[in-house]
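Read through the structure below, which is laid out as structure tokens, and then see the notes.
There are 2 protein chains.
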Amino acid sequence: MPGKGLSREDIVTAAAELIESDGLDRLSARELAARLHIKAASLYNHIRSMDELHTGVGYYAIAELKRAQLQAIGGKSRDDAVRALAESYYRFGRGRPELYKVILSLPMVKNDALQVAAGDVVEPIMSAMSGYDLTMEQKMHLQRVLRSIMHGFISQEEAGCFRHFPVHVSESYRIAVEGFILLLKNMENEARHENK
Amino acid sequence: MPGKGLSREDIVTAAAELIESDGLDRLSARELAARLHIKAASLYNHIRSMDELHTGVGYYAIAELKRAQLQAIGGKSRDDAVRALAESYYRFGRGRPELYKVILSLPMVKNDALQVAAGDVVEPIMSAMSGYDLTMEQKMHLQRVLRSIMHGFISQEEAGCFRHFPVHVSESYRIAVEGFILLLKNMENEARHENK
DNA sequence: TTGACAGACTAACGCCGTTAGTCTATAATT
DNA sequence: AATTATAGACTAACGGCGTTAGTCTGTCAA
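Protein sequence lines correspond, in order, to chains A and B.
Okay, so the first sequence: first residue is 1 according to this note's numbering, each after it adds one.
Okay, so the second sequence: first residue is 1001 according to this note's numbering, each after it adds one.
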């Protein structure tokens, strides 16, 4: 094996590094190949297409995000867990914006394997909400709500939509998260009154 | 003027139509030119670059979205206005997904003129919240929160993230909006108690 | 009638992802 | 130890992309 020591995983890792350092739009077969000291065509000995590589980086990014969230939740529960989750999600999105973009650009539809990865996105949120007295169906709805808040916030700030007013973005986010916690408790109480 | 009757606006309109019918990723100079029965290079007599054209379509999309929202709010106020706004936003995002993508892909940072357009995004939301007894600063925060909810929801559903559970998406959205209204009223009441 | 010019054209450049075909060095087999 | 198979690099090329330069032509104003 001439010029060995180059696995598929090496390429995915190199692509992730390229994306994080130079930006997602700078990822190209030739640029990536140059970093690995090979020619663009040689990449195709390891990957099927740039699209598949993109998906591969997506898995990596989702795994990183999941890891960060689970670590943030730690031994916390209820409000503390939700706050920690929201903060870690925000920190990931803002701290590694290019990697976060990769997650966004993944079309979860086409690929079956990606539906597994989609579970990785949901799991930490469900875990953070485990301490609340809610039905599974309620939690599924609320998981979508929280994800929408977190993702919507990050992507709009990233796009520069929040720059135009002199009120602090972090305070807006805090209000959003506290509003979600308010909703959580409200739904808990409603259930309690019905059962009484 | 040989082959006249082709203005910059015609090209923006044609681009918007192309995007809506064939998808944003199918927009290319050659494809667009073919629709206008000219060659790709001739486009540059009217536009500076494809990027600028993209921005032009973005203006159009934002104007459309604003129009839909203001119409939805109509004479409504408070909760009704917020619900109508949220519904119209959702309907726009889901009903014209490719046009909505154009708005998302606009980087509000670079272009000064786009900051004007950003005001068009904010205005209907502030209008819907006008009936609540809140400070301007509070409304600015809450406008960000609502936008995050609406945008986060649409973009995640568009990406296919909500397909994996057998609970209705529209119900999730309803919960999210009602949660926001809950937050609105909660902040109103807090202010009232402080002032008493 | 003539000159200016808007607005189309062709040709070409350098980028992109991707495929086909070739060569070579190592690993496995005889 | 000699041979064969193969992994994995290479060059060359294709069609598509956005974009620029330079050219030609038809209409409108002087």
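Virtual Cβ for every residue (Gly too), placed ideally from N, Cα, C.
Owing to the predicted nature of the structure, the values given are computational and were not obtained by experimental measurement.
| query | Do you know offhand how far Tyr1090 (chain B)'s Cα is from Glu1171 (chain B)'s? | reply | Within the second sequence, the letter at position 90 stands for residue 1090 (chain B). Within the second sequence, the letter at position 171 stands for residue 1171 (chain B). The straight-line gap from Cα to Cα measures roughly 13 Å.
| With DSSP run on the structure shown, which of helix, strand or coil describes Phe153 (chain A)? | Residue mapping note: residue 153 (chain A) aligns to position 153 of the first sequence, counting from 1. In the three-state reduction of the DSSP assignment, Phe153 (chain A) falls in the helix class, which pools H, G and I.
| Do Glu31 (chain A) and Glu98 (chain A) have their C-beta atoms closer together than 8 Å? | For the purposes of this step, residue 31 (chain A) is taken as the residue at position 31 of the first sequence. For the purposes of this step, residue 98 (chain A) is taken as the residue at position 98 of the first sequence. In this structure, Glu31 (chain A) lies away from Glu98 (chain A), with their beta-carbon atoms at least 8 Å apart.
| From which residue to which residue does the alpha helix (DSSP H) around Ile62 (chain A) run? | Here residue 62 (chain A) refers to the residue found at position 62 when the first sequence is read from its first residue. Here the alpha helix (DSSP H) through Ile62 (chain A) covers 50–73.
| Among B:Cys1161, B:Phe1092, B:Ile1103, B:Ala1117, which one has its Cα closest to the Cα of Gly119 (chain A)? | Stepping through the first sequence from its first residue, residue 119 (chain A) is reached at position 119. For Gly119 (chain A), the nearest C-alpha among the options comes from B:Cys1161.
| task | Keeping to the same chain, check which residues put their C-beta closer than 7 Å to that of Ile1181 (chain B); ignore five residues upstream and five downstream. | result | Mapped onto the second sequence, residue 1181 (chain B) falls at position 181. Within the same chain, Ile1181 (chain B) has close Cβ partners Asp1079, Val1082.
| said: Quick check on Leu1053 (chain B) - is its C-beta less than 8 Å from some C-beta in chain A? | reply: In the second sequence, the residue the question calls residue 1053 (chain B) occupies position 53. Put simply, the CB of Leu1053 (chain B) is far from chain A, with every gap to its CB atoms at 8 Å or more.
| request: Starting from Ser1202 (chain B), trace the alpha helix (DSSP H) both ways and give me its first and last residue. | output: With chain B covering 1001 to 1196 only, the question about residue 1202 (chain B) has no answer from this structure.
| Based on Cα-Cα distance, which residue from B:Gly1095, B:Ala1029, B:Leu1134, B:Ser1042 lies nearest to Glu1190 (chain B)? | Stepping through the second sequence from its first residue, residue 1190 (chain B) is reached at position 190. Across the set B:Gly1095, B:Ala1029, B:Leu1134, B:Ser1042, the C-alpha of B:Leu1134 shows the shortest separation from the C-alpha of Glu1190 (chain B).
| task | For Asn186 (chain A), decide whether its Cβ has a neighbour in chain B, counting only Cβ atoms nearer than 8 Å. | result | Taking the first residue of the first sequence as position 1, residue 186 (chain A) is located at position 186. At a cut-off of 8 Å between beta-carbon atoms, Asn186 (chain A) makes contact with chain B.
| Does Gly23 (chain A) get closer than 8 Å to chain B when you measure Cβ to Cβ? | Locating residue 23 (chain A) in the first sequence gives position 23, where the first residue counts as 1. Among the CB atoms of chain B, none fall inside 8 Å of the CB of Gly23 (chain A).
| Every unbroken beta strand (DSSP E) inside the region 1152–1191 of chain B [3 residues or more] | For the region 1152–1191 of chain B, not a single whole beta strand (DSSP E) run of length 3 or above is found.
| task | Take the Cβ of Tyr44 (chain A) as the centre, count every other Cβ of all protein chains shown within 10 Å, and call the residue buried at 16 or more, exposed below. | result | Within the first sequence, residue 44 (chain A) is the residue found at index 44, counting from 1. The residue in question, Tyr44 (chain A), is exposed, as its Cβ has fewer than 16 Cβ neighbours within 10 Å.
| Does the distance from the CB of Tyr1059 (chain B) to the CB of Ala1117 (chain B) come in under 8 Å? | The residue labelled residue 1059 (chain B) in the question sits at position 59 within the second sequence. The residue labelled residue 1117 (chain B) in the question sits at position 117 within the second sequence. The answer is yes: Cβ separation under 8 Å.
| field | Pairwise C-alpha distance: Ser1007 (chain B) and Ala176 (chain A) | value | As a position in the first sequence, residue 176 (chain A) is number 176, starting the count at 1. As a position in the second sequence, residue 1007 (chain B) is number 7, starting the count at 1. One C-alpha to the other measures close to 45 Å.
| task | Return helix, strand or coil for Asp1010 (chain B), following the three-state DSSP convention. | result | Against the second sequence, residue 1010 (chain B) aligns to sequence position 10. Looking at Asp1010 (chain B) - three-state DSSP - the assignment turns out to be helix.
| Roughly how many angstroms lie between the CA atoms of Ala1063 (chain B) and Ser1130 (chain B), to the nearest whole one? | As a position in the second sequence, residue 1063 (chain B) is number 63, starting the count at 1. As a position in the second sequence, residue 1130 (chain B) is number 130, starting the count at 1. Distance between the alpha carbons of Ala1063 (chain B) and Ser1130 (chain B): 21 Å.
| Exposure label - Met1140 (chain B); buried when at least 16 CB within 10 Å | Taking the first residue of the second sequence as 1, we reach residue 1140 (chain B) at position 140. By the 16-neighbour rule on beta-carbons within 10 angstroms, Met1140 (chain B) is buried.
| message | Against chain B, with Cβ distances strictly below 8 Å, would Gly179 (chain A) count as a contact? | response | In the first sequence, counting from the first residue as 1, residue 179 (chain A) sits at position 179. So yes, Gly179 (chain A) belongs to the interface.
| message | Is it buried or exposed, Ala16 (chain A), if we count other Cβ atoms within 10 angstroms and call 16 or more buried? | response | Working through the first sequence from its first residue, we reach residue 16 (chain A) at position 16. Buried.
| field | Endpoints, the alpha helix (DSSP H) within which Asp80 (chain A) is located | value | For the purposes of this step, residue 80 (chain A) is taken as residue 80 along the first sequence, with counting starting at 1. Here the alpha helix (DSSP H) through Asp80 (chain A) covers 78–95.
| How many angstroms separate the CA atom of Ala86 (chain A) from the CA atom of Gly74 (chain A)? | The sequence position of residue 86 (chain A) within the first sequence is 86, counting from 1. The sequence position of residue 74 (chain A) within the first sequence is 74, counting from 1. Rounded to whole angstroms, Ala86 (chain A) and Gly74 (chain A) show a C-alpha spacing of 13 Å.
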